[in-house]
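Student:
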Amino acid sequence: METTMSHIALLASPRMGHLIPVLELAKHLVSHQSFKVTVFVVATDHASLANTHLLQSPADSGDLLDIVLLPFIDVSDIGGPSVSFIATIVTTVLRSMPFLRSEISKMEFRPTALVVDLFGTDALEIADEYNMLKFVFIASNAWFLAVMLCTPEIDRKEIDEHVKNRKPLHIPGCKPIKFEHNLEVFFMDANDPFYQGYVEAINKMSLTDGILVNTWDELEPTTLKALRETKKVPIYPIGPLVRPIEKSAFGNEIIAWLDKQPKQSVIYVSFGSGGTLSAQQVKELAWGLELSQQKFVWVLRPPIENDAAGTFLALGNGSDATLNYLPDGFLVRTQDRGLLVPMWAPQVEVLSHPSIGGFLTHCGWNSTMESIVNGVPMIAWPLYAEQKMNASMLTEDIGASIRVMAVESDAAVGREEIRSVVRKILVDRQGRNIRSRIKELKDSAENALAKGGSSYNSMSQVANICIQHLKTKASGA
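Note that our numbering has the sequence shown beginning at 59, numbered continuously upward.
#1: With C-beta atoms as the reference, is A200 less than 7 angstroms away from T280?
#2: Helix, strand or coil, according to DSSP, for H411 in the structure here?
#3: Could you give the distance in angstroms between the alpha-carbon of P298 and the alpha-carbon of R493?
#4: Buried or exposed, going by whether 16 or more other CB atoms sit within 10 Å of the CB of L343?
#5: Hey, is the stretch 178-188 in contact with the stretch 140-159, meaning 3+ C-beta pairs nearer than 8 angstroms?
#6: Over what stretch of residues does the beta strand (DSSP E) that includes D124 continue unbroken?
#7: Among the candidates M451, E219, R286, whose CA atom is the shortest distance from the CA of W423?
#8: Check each candidate in L127, L207, T96, A438 and name the one with the smallest Cα separation from T170.
#9: In this structure, does DSSP put F130 in helix, strand or coil?
#10: Could you round the C-beta distance between V99 and L128 to whole angstroms and report it? I think they count as a contact, below 8 angstroms.
#11: Heavy atom of the ligand ZN less than 6 angstroms from the Cβ of A259, yes or no?
#12: Can the beta-carbon of L285 be found less than 7 angstroms from the beta-carbon of A204?
#13: Looking only at C-alpha atoms, which of I362, F354, V355 sits nearest to K337?
#14: Going straight from the alpha carbon of R490 to that of L484, what length do you get?
#15: Give me the Cβ distance between Q352 and V480, rounded to the nearest whole Å; I'm assuming they're in contact under 8 angstroms.
#16: Just grab the DSSP bridge partners of W423 for me.
#17: Return the CA-CA distance between A314 and G457, expressed in angstroms with no decimal places.
#18: Between the stretch 515-528 and the stretch 64-75, do at least 3 Cβ pairs fall closer than 8 angstroms?
#19: Do L176 and D267 have their C-beta atoms within less than 7 angstroms of each other?
#20: Comparing C-alpha positions only, which one of S71, G75, L122 sits nearest to V88?
#21: On the CB-based measure, 16 or more other CB atoms within 10 Å of its CB, does K215 come out buried or exposed?
#22: Taking the continuous alpha helix (DSSP H) assigned at R395, which residues delimit it?
#23: Quick one: using the 10 Å Cβ neighbour count with 16 as the cut-off for buried, is A464 buried or exposed?
#24: Indicate the three-state DSSP secondary structure (helix, strand or coil) for H90 in the structure shown.
#25: Output needed for S328: all residues of its chain with C-beta closer than 6 angstroms, excluding positions within five of it in sequence on either side, in chain order.
#26: So what does W356 bridge to, in DSSP terms?
#27: Say whether the stretch 400-419 touches the stretch 435-446, bearing in mind that this needs 3 or more beta-carbon pairs closer than 8 angstroms, one atom from each stretch.
#28: Hey, could you find the ends of the alpha helix (DSSP H) R487 is sitting in?
#29: Please report the straight-line C-alpha distance between E211 and R73, rounded to a whole angstrom.
#30: If you draw a straight line from the C-alpha of E474 to the C-alpha of N515, how long is it?
#31: Excluding the five sequence neighbours on either side, which residues of its own chain have a C-beta within less than 7 angstroms of the C-beta of A84, listed in chain order?
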């Protein structure tokens with residue numbers, strides 16, 4: 059029996075940075091295209107996932123959105139201090155493939171298309187088995203995508219020059235990659251299994267029906283033009299996809315505290331769902347906030363030494379033992395102008411609050427999009443992955459942030475630098491200039507998503523491809 063409704067399957071890797079935009083893409087396909095959507099979630103920790111509201115289907119989605127939590131994957135056998143979080147994600151997704159295949163095979167109405175992220179390209183074989191369209195969703199920007207797609211073609215000698223002699227790595231039609239951007243993949247040996255797997259994943263991406271990317275034409279016109287001119291694979295900028303404001307959060311004590319503060323007077327400090335600082339850096343940050351004499355909301359996590367992505371795979375609110383690492387008397391001295399929040403805060407609701415005047419962020423792309431959509435200027439403090447690229451783009455190209463700088467590359471960012479950037483973004487003229495630029499970007503984002511906008515049209519193109527594929531299958535062609 060055939061159905062006349064397009065059914066899209068999405069695969070979400072075990073990381074908040076991918077899960078959130080995948081779920082927003084799913085909701086968008088339901089609300090704007092009236093598609094049936096099934097989201098398959100890969101997880102290493104079912105307990106913490108179950109404690110979040112993320113996996114609850116919106117009330118207005120009816121029976122069009124299903125969220126399927128795939129069986130728990132145990133990756134303890136590859137654990138250890140030398141194993142990166144990327145290796146853990148890759149292994150988890152790979153071991154989930156039999157469960158994904160089983161779930162799809164049991165469906166009465168199988169999907170018209172399968173959408174995966176960078177870590178889910180092994181699932182594209184399942185799409186081939188069931189004659190599904192294949193798409194990849196990159197929950198980052200076009201510059202990062204351009205670097206990925208070019209990697210297999212870059213001469214290893216150029217990469218060695220980049221790593222050993224710190225020379226910029228040139229990407230056709232795009233801004234070069236500086237050594238300071240420190241993308242982990244370029245520091246891998248060409249024979250490293252994970253490097254080879256990375257290149258294989260990119261080659262698979264190039265053979266799909268298209269790549270969806272969480273950006274929009276007006277934000278990255280030069281890079282998107284260069285990507286399209288290569289004609290390797292169709293590119294569909296469909297962003298910004300961000301989690302909407304939830305009214306239920308407005309009973310939250312954080313929002314209640316913000317309600318009492320003057321407009322644009324508070325700096326929001328958060329390093330995302332996985333970012334962590336050393337004990338020394340936590341102290342310097344505390345001193346910097348105190349010395350700035352500005353109001354703040356700080357999402358605090360326990361310090362972890364030598365691992366900026368220490369809680370990358372963790373979910374949920376958790377508990378906190380960080381207060382022991384704060385300077386003596388800090389809580390007393392800042393109690394009238396600061397709010398410490400253990401582990402987690404409703405970030406979209408915080409950023410949308412009128413009292414927020416700036417965002418000190420790790421520059422994860424979700425956080426960046428949430429800040430732009432809410433018109434909040436940023437202080438860029440990147441920690442890992444492509445975040446240094448994001449910070450460079452935000453500061454040097456887009457003009458949406460200022461950047462914290464350590465005295466030495468491997469040293470902690472000092473309290474005086476933190477004091478200075480906080481005051482610049484909240485009080486000084488530089489903050490006003492960035493705020494004006496952010497307003498332009500916010501309007502640009504709204505226009506891109508509106509009917510007739512660049513991202514709206516891009517998503518419509520993808521929808522039409524899926525509808526046409528369904529008709530072709532129904533006709534037996």
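All C-beta atoms, glycine included, are put in the ideal place defined by N, C-alpha and C.
Tutor: Checking against the coordinates, here is how it stands:
#1: no
#2: coil
#3: 19 angstroms
#4: buried
#5: yes
#6: 123-127
#7: M451
#8: T96
#9: coil
#10: 6 angstroms
#11: The model depicted lacks the ligand ZN and carries no ligand whatsoever.
#12: yes
#13: For clarity, residue 337 is Ala in the given sequence; the question names Lys instead. Out of I362, F354, V355, I362 has the C-alpha closest to the C-alpha of A337.
#14: 8 angstroms
#15: 5 angstroms
#16: Paired residue(s): none; W423 is not in a bridge.
#17: 31 angstroms
#18: yes
#19: no
#20: L122
#21: exposed
#22: Counting along the chain, R395 falls outside any alpha helix (DSSP H), and DSSP gives it neither H nor E.
#23: exposed
#24: helix
#25: V357
#26: V327, L398
#27: yes
#28: 487-507
#29: 29 angstroms
#30: 47 angstroms
#31: L68, V95, V97, L123
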